[in-house]
Amino acid sequence: MTEIDKDVESDDVAEAPARSVGELVAVVEALMFVADEPITVRALSEITGEDKDSVLAALEALTEEYKNRESGLQIREIGGGWQLATRTELHETIRQYLKTKPSAKLSLAALETLAVIAYKQPVTIPEILEIRGVQSASAIKTLLEKRLIITKGHKEAAGRPMQYGTSKDFLVQFGLKDLGDLPSIEDFQDLVNQ
Amino acid sequence: MTEIDKDVESDDVAEAPARSVGELVAVVEALMFVADEPITVRALSEITGEDKDSVLAALEALTEEYKNRESGLQIREIGGGWQLATRTELHETIRQYLKTKPSAKLSLAALETLAVIAYKQPVTIPEILEIRGVQSASAIKTLLEKRLIITKGHKEAAGRPMQYGTSKDFLVQFGLKDLGDLPSIEDFQDLVNQ
Amino acid sequence: MQEQQPEQYSFDFLNETAEIVTEAGDELGIKLGKFAGPLDLLLFLIRQEQANIFDIPISTITDEYLKYIRLMRSLDIAVAADFLVMAAQLIEIKSKMLLPRDPMAPDDEEIDDPRKELADRLLEHEKFKAAAHMLYERTTIEQAVFKRGSIDSDENNLEISATVFDLITVFQKVLARQKEEIELEIEREEISLAEMIRRLNKRIFDETEIRLLSFFEEMHNRRELVTAFIAVLEIVRTESVKLVQKNTFGDILLRKVEVSS
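Protein chains in written order, with our numbering: chain B, 7 to 200; chain Y, 7 to 200; chain D, 105 to 365.
Listed below in structure tokens is the structure:
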């Protein structure tokens with residue numbers, strides 16, 4: 007029933023459908039809208055039967071188009087995929103309509119732990135303790151529950167401790183394309199020395 | 007630090023903001039996008055502080071715009087409100103995408119059964135019943151359909167019951183290299199017991 | 105840590121606003137006052153002394169640090185082990201600094217300085233605090249961006265998208281539930297025949313007459329049921345109790361026999 011396997015093998019695509027560039031842009035736009043999380047170029051390529059370069063070109067054209075016509079929406083590359091979302095400047099009106107408050111922020115302890123995990127992954131609890139100087143168990147539990155971090159297998163060391171790393175949700179919630187999008191940790195050195 | 011909180015109080019709509027037509031169009035577009043159901047002209051007018059005629063004009067301009075640029079999306083007037091939706095002609099592709107979308111989403115019963123199988127494999131249905139305390143037949147059917155579990159031959163015991171274990175798809179979907187990557191109870195003892 | 109007279113603290117514990125403000129209730133146990141950890145406390149003290157991380161006045165800082173811990177204790181705040189470990193390290197560094205330097209040793213202070221490791225740790229810690237701040241800002245910005253509302257094709261929310269953490273959490277709950285049931289089972293099975301007879305006697309004495317079926321229905325498992333059945337047979341045989349059935353297929357009652365008759 008699930009065709010999970012499909013996308014693993016079928017890197018080559020079916021007969022190229024006779025589709026104009028404009029049509030591909032439209033299909034990509036509709037798929038991004040329907041997807042409930044960022045959709046990858048690979049997934050778009052598989053569904054449309056077009057190669058990845060064409061898909062990427064379509065995504066870029068669409069991004070430009072939204073920007074140029076000063077739409078209330080924007081296309082973003084985030085969490086390893088592409089997503090349709092509202093433009094930042096409109097947040098006040100939108101929040102007023104949705105009647106939502108900004109969601110609860112993470113505690114400082116949780117944020118610090120998350121920072122260590124993000125930069126040092128895969129990392130074990132003792133290694134986090136070494137950097138933070140405090141036990142981080144409850145922060146780690148919170149981060150696991152919020153799905154910001156995931157387990158990354160055991161470390162091949164004494165006691166085989168569990169290793170942790172960040173999740174896709176982490177990228178999305180912190181507005182990152184991928185882990186390479188994080189500023190280098192060494193850049194913070196300069197801040198510290200001032 | 008955050009200025010987001012501000013807007014929570016201002017529920018009543020202030021003096022008509024000096025907003026250009028383009029800006030109104032953008033706001034209306036964003037509001038339609040985040041709404042869970044068709045949004046009425048009246049609601050749009052209240053939130054934006056613009057009169058209904060201006061809102062209607064913005065909606066019509068937007069509808070035209072989506073039509074003209076042959077977008078994958080369309081603006082529809084439906085059930086007394088306005089809505090952003092995919093274009094009808096693309097439904098075939100969208101349906102195909104929704105069908106093939108890999109999903110690790112499970113009911114709690116299925117998740118429980120999967121957890122027991124993952125940690126106790128190879129395991130028979132009576133053994134699962136013994137651990138869970140409830141029948142798991144339909145959960146097992148779901149898991150087999152989603153290809154998360156596979157049969158692992160008969161157990162050499164009375165009645166030769168079928169044994170189950172997790173599949174390769176299970177590893178892929180849960181991001182595990184191999185079964186040794188599964189966290190052990192001990193790994194989480196310190197976290198969970200707090 | 106022996107003297108008990110009030111000490112003079114060089115900072116006002118109650119009114120000082122340190123930079124570390126943690127609102128997490130869940131970490132109260134490991135928080136010392138406003139300081140998330142020993143490194144934060146150290147950084148605060150160093151900054152207060154307007155000292156340089158690369159040249160920590162170790163003697164002063166150690167004294168301040170120990171004072172702070174004593175203050176905590178006098179306020180009956182549990183001092184977390186992490187803070188004590190750091191205290192020991194500070195004392196160790198302090199004593200190393202007091203040792204006379206080998207005049208013959210090469211003039212390479214960097215390698216010799218017993219404070220270097222601590223300085224490195226503090227720097228590393230500062231970097232991650234800055235990174236945490238960056239994450240805080242990013243998530244604040246990100247909260248101004250909204251995803252689309254729900255549409256027809258979204259799957260219903262009954263299903264959960266599971267991670268490995270969910271797997272282990274759920275598995276632990278299942279095991280806990282199973283353990284609870286087994287314990288209950290064991291408790292129940294401990295009812296002996298003598299205990300069952302005693303209970304049955306008391307019931308009949310209190311209520312004069314009880315329905316046999318409802319008594320059996322109170323049993324939790326087959327084994328208890330068997331014990332209950334034997335108890336009924338025993339009690340009818342030896343005591344002044346009789347089984348009564350008013351009509352065919354009617355309820356069977358256990359009734360106390362009137363001694364007076």
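Ideal placement from N, C-alpha and C gives every residue a C-beta, glycine not left out.
Treat the numbers as computed from the prediction; the structure is a model and nothing was measured.
- Taking all protein chains shown into account, residue 309 of chain D has fewer than 16 neighbouring C-beta atoms within 10 Å of its C-beta and is therefore exposed.
- For residue 298 of chain D, the uninterrupted alpha helix (DSSP H) run begins and ends at 297-311, by DSSP.
- Less than 8 Å separates the beta-carbon of residue 99 of chain Y from that of residue 53 of chain B.
- Ranked by how close their Cα comes to the Cα of residue 136 of chain B, the residues D:295, D:175 and D:222 have D:222 in first place.
- Closer than 8 Å to the CB of residue 145 of chain Y there is not a single CB belonging to chain D.
- For residue 43 of chain B, no beta strand (DSSP E) segment is defined, and its DSSP state is neither H nor E.
- Between residue 173 of chain B and the set B:127, B:88, B:195 and B:73, the nearest pair of CA atoms involves B:127.
- The three-state secondary structure of residue 253 of chain D, taken from DSSP, is coil.
- In this structure the stretch 297-306 of chain D does not lie against the stretch 135-154 of chain Y, because fewer than three pairs of beta carbons, one per stretch, are closer than 8 Å.
- Across the structure, residue 176 of chain D and residue 189 of chain D are spaced so that their CA atoms are roughly 15 Å apart.
- Residue 69 of chain B has a beta carbon lying at 8 Å or more from every beta carbon in chain Y.
- Per DSSP, the beta-bridge partners of residue 160 of chain B are B:168.
- Residue 323 of chain D and residue 187 of chain D have their C-alpha atoms spaced approximately 56 Å apart.
- Following the DSSP letters along the chain, one finds residue 147 of chain B in no beta strand (DSSP E) but inside the alpha helix (DSSP H) bounded by residues 143-151.
- Within the stretch 70-94 of chain Y, no residue has its Cβ closer than 7 Å to any Cβ of chain D.
- Across the set Y:191, Y:36, Y:30 and Y:61, the C-alpha of Y:36 shows the shortest separation from the C-alpha of residue 91 of chain B.
- Annotation for residue 99 of chain Y: the continuous alpha helix (DSSP H) segment containing it runs 97-106.
- For residue 129 of chain B, the pairing in a beta bridge is given by DSSP as B:170.
- Residue 90 of chain B sits in a strand when the DSSP states are folded into three classes.
- Listed along chain B, no residue sits closer than 9 Å to residue 222 of chain D by beta-carbon distance, the nearest being about 11 Å off.
- One thing to note: residue 46 of chain B has its Cβ within 8 Å of the Cβ of residue 86 of chain B.
- Fewer than three pairs of CB atoms, one per stretch, sit closer than 8 Å, so the stretch 59-75 of chain Y makes no contact with the stretch 105-124 of chain B.
- Secondary structure of residue 195 of chain B (DSSP, three-state): helix.
- Within the same chain, 191 come within 6 Å of residue 125 of chain B by CB-CB distance, once the 5 residues on both sides are set aside.
- For residue 355 of chain D, the three-state secondary structure derived from DSSP is coil.
- In this structure residue 82 of chain B is buried. Its beta-carbon is surrounded by 16 or more other beta-carbon atoms within 10 angstroms.
- Counting every other CB atom within 10 Å of its CB across the protein chains shown gives residue 97 of chain B a total of 16 or more, marking it as buried.
- Using a Cβ-Cβ cut-off of 8 Å, residue 218 of chain D does not count as an interface residue toward chain B, since no Cβ of chain B sits closer than that to its own.
- Closer than 8 Å to the CB of residue 277 of chain D there is not a single CB belonging to chain B.
- By the neighbour-count criterion, in which 16 or more other beta carbons inside 10 Å mark a residue as buried, residue 160 of chain B falls on the buried side.
- One Cα belongs to residue 80 of chain B, the other to residue 73 of chain B, and the distance between them is close to 7 Å.
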